[in-house]
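In the numbering used here, the protein residues as written are -9 to 308.
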Amino acid sequence: MLIDDITITIEAGKGGDGKACFNKTKMSLGPTGGDGGNGGSVYVEGVSDIGALGHFRHKKKFSAKNGKNGMEQLKHGEDGQDLVLKVPVGTSIHIDGKVFDLLKLGEKMLLVKGGKGGKGNYHFRSPSNTTPKEWEKGEKGELKEVRFELKLIADIGLVGFPNAGKSSFINIVTEADSKVANYPFTTLEPHLGVYYDLIIADIPGLIEGASQGKGLGIKFLRHIERTRIIFHFVSVLLEDVVGDYRIIRKELESHSKDFLKKKEYVFLTRADEVSKEDLNKKIQEFQSIGIDAIPFSVIDDESIEKVKILLNKIQKEK
Ligand SMILES: Nc1nc2c(ncn2[C@@H]2O[C@H](COP(=O)(O)OP(=O)(O)OP(=O)(O)O)[C@@H](O)[C@H]2O)c(=O)[nH]1
Ligand SMILES: [Mg+2]
């Protein structure tokens, strides 16, 4: 199961305490208490593994290490080790009521800062006080809740009713291995496929009422929020292709108006499963609302080639 929305608690390390002590040799009796080390901080870093949020599934709190206390002879305590949490690129980070998007591989962001180490008594010496007993406690590390919400980064998102052939499409034009079967909701979680530089996201099918939670709902739509282009798949086996196309558009719109602004290509899929006349009739139905639907069949090499030409064009524009 792809984990794409998870909230955890993170805690930075406490700073080590400063030390109060004095030189034991008779010749010099001054203060020699070292400083405490700084507490470790917690960072996030973008990685390519889209399943990386799975690491946060069973454990709910993640802490960086505390700084060590200061020591005698002006020895400073060691700094606590930072903790770097790996999240997939495309993760939105909700923290302190704000949202940050981690969009680059290797990009790092500080979430909570470690506490500063306390000063040892050496720092408190002065002409009027050559034997200071003061020392500071290390500061506490910050403690916060953070929510990681994965929104896949893809160039093209595939949408359509279940059984429209979305997974079959992504499998044939990319090396993806998305499950295909002749029943609705075969795809239960998003899959990515790569065509040269283009990333294509296959998401579970939508149905009427998806925005109210019907079927698998629309929670997966967040994974194509960032795509520039939508490939809208309509099976030629449907009675009312234009009506069904509009139903999906309405569901997209109720998730976000931005979906309707994206560049969209409409495909009439499974084209080999109806007669030529029937296919042409359905192409015309789309033409009557100003849409040039592209017929597609996974068993027709010519239509696969045409799609590849389109993908090459999209790639050039990228
Ligand atoms: N003959 C033929 N069958 C197809 C074609 N495309 C898909 N199919 C079949 O249609 C069924 C559904 O295909 P999928 O690719 O799983 O459909 P999907 O849109 O991913 O479905 P969900 O994951 O349930 O949303 C499978 O049995 C496929 O083999 C096609 O071009 N021609
Ligand atoms: Mg599928």
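Backbone N, C-alpha and C define an ideal beta-carbon position, used for all residues, glycine too.
Keep in mind that this is a model prediction, so the values were computed, not measured.
_I'd like to know if the stretch 195 to 203 and the stretch 249 to 264 are in contact, where contact means that at least 3 CB-CB pairs between them fall below 8 Å._
Contact between the stretch 195 to 203 and the stretch 249 to 264 is absent, because fewer than three Cβ pairs lie under 8 Å.
*For ligand 2, is there a heavy atom less than 7 Å away from the beta-carbon of S168?*
It does: the Cβ of S168 is within 7 Å (strictly closer) of some heavy atom of ligand 2.
*asked:* Quick check on DSSP: helix, strand or coil for I208?
replied: Residue state, collapsed to three classes: coil.
*In whole angstroms, what separates the C-alpha of G108 from that of K127?*
When rounded, the distance between both Cα atoms is 5 Å.
*Of the choices L100, K9 and K14, whose alpha-carbon is the least far from that of G23?*
For the residues L100, K9 and K14, the minimum Cα distance to G23 belongs to K9.
*Which residue from D262, G104 and E62 puts its Cα closest to that of G70?*
Of D262, G104 and E62, the residue nearest in Cα terms is G104.
*Label D290 either buried or exposed according to how many other C-beta atoms from any shown protein chain fall within 10 Å of its C-beta, with 16 as the threshold for buried.*
Answer is exposed; the Cβ neighbour count stays below 16.
*Who does D(-5) pair with in a DSSP beta bridge?*
For D(-5), which the question treats as bridged, DSSP gives the partners E139.
*To the nearest whole angstrom, what separates the beta carbons of T217 and G155, a pair I think is in contact under 8 Å?*
The beta-carbon separation of T217 and G155, rounded to 19 Å, does not stay under the 8 Å limit for a contact.
*Out of S31, T164, A2 and F46, state which residue places its alpha-carbon closest to the alpha-carbon of M(-9).*
It is F46.
*C-alpha gap between D248 and S31, whole angstroms*: A direct Cα-to-Cα measurement between D248 and S31 gives close to 37 Å.
*Does ligand 2 have a heavy atom nearer than 7 Å to the CB of S287?*
Not a single heavy atom of ligand 2 lies less than 7 Å from the C-beta of S287.
*Nearest to K141 (by Cα), restricted to the options E267, F12, I160 and L92*: Here the closest residue by C-alpha is L92.
*Going by DSSP, what residues sit across from K58 in a beta bridge?*
In the DSSP assignment, K58 is bridged to no other residue.
_Measuring straight from C-alpha to C-alpha, what distance separates I0 and K252?_
When rounded, the distance between both Cα atoms is 37 Å.
*Measure the C-alpha to C-alpha separation of F221 and F175 and round it to an integer number of angstroms.*
The alpha-carbon atoms of F221 and F175 are separated by roughly 18 Å.
_Opposing strand residues paired with V32 [DSSP bridges]_ = Note: V32 sits in a beta bridge opposite L73 and V102.
*From the DSSP output, which residues share a beta bridge with V256?*
Per DSSP, the beta-bridge partners of V256 are H222.
*Is there at least one non-hydrogen atom of ligand 1 closer than 7 Å to the beta-carbon of D(-6)?*
For ligand 1, not one heavy atom lies less than 7 Å from the Cβ of D(-6).
_Is it buried or exposed, G316, if we count other Cβ atoms within 10 angstroms and call 16 or more buried?_
Nothing about residue 316 can be read from this structure; the chain reaches only from -9 to 308.
*asked:* Quick check on the DSSP output: the beta strand (DSSP E) that includes K300 runs from which residue to which?
replied: This sequence places Leu at residue 300; Lys is not what is there. Following the DSSP letters along the chain, one finds L300 in no beta strand (DSSP E) but inside the alpha helix (DSSP H) bounded by residues D291 to E307.
*Inter-residue CB distance, I160 and I208 (contact presumed, cutoff 8 Å)*: Contact between I160 and I208 does not hold, since their C-beta atoms are separated by about 19 Å, which reaches or exceeds 8 Å.
*Nearest-angstrom beta carbon gap, K298 and V163 [assumed within contact, 8 Å]*: Separation of the CB atoms of V163 and K298 is rounded to 7 Å, and the pair is thereby assigned contact status at 8 Å.
_DSSP state of V149 mapped onto helix, strand, coil_ = Residue state, collapsed to three classes: strand.
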